[in-house]
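*Asks:*
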Amino acid sequence: MQLATILGSKGSTVLTIHPEASVAGLVAMLTEHSV
Numbered sequence: 000m001q002l003a004t005i006l007g008s009k010g011s012t013v014l015t016i017h018p019e020a021s022v023a024g025l026v027a028m029l030t031e032h033s034v
């Protein structure tokens, strides 16, 4: 697999989380966005 292929299918969405967020909060956000 080439880097161009990976980046081409990645999409443009960027998710961020606050430094104070818990791991449970991170997992919930990732699940919500199907990451």
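Take numbering that gives the first Met the number 0: the final residue in the sequence shown is number 34, and no numbers are missing along the way.
Every residue, glycine too, gets a C-beta built ideally from N, C-alpha and C.
Considering only the beta carbon of each residue, do residue 28 and residue 14 sit closer than 8 Å?
*Replies:* yes
*Asks:* From the DSSP output, in three-state form, read off residue 68 for me.
*Replies:* This structure gives no information on residue 68, because the portion of the chain shown stretches from 0 to 34.
*Asks:* In terms of residues, what are the limits of the alpha helix (DSSP H) holding residue 29?
*Replies:* 22-31
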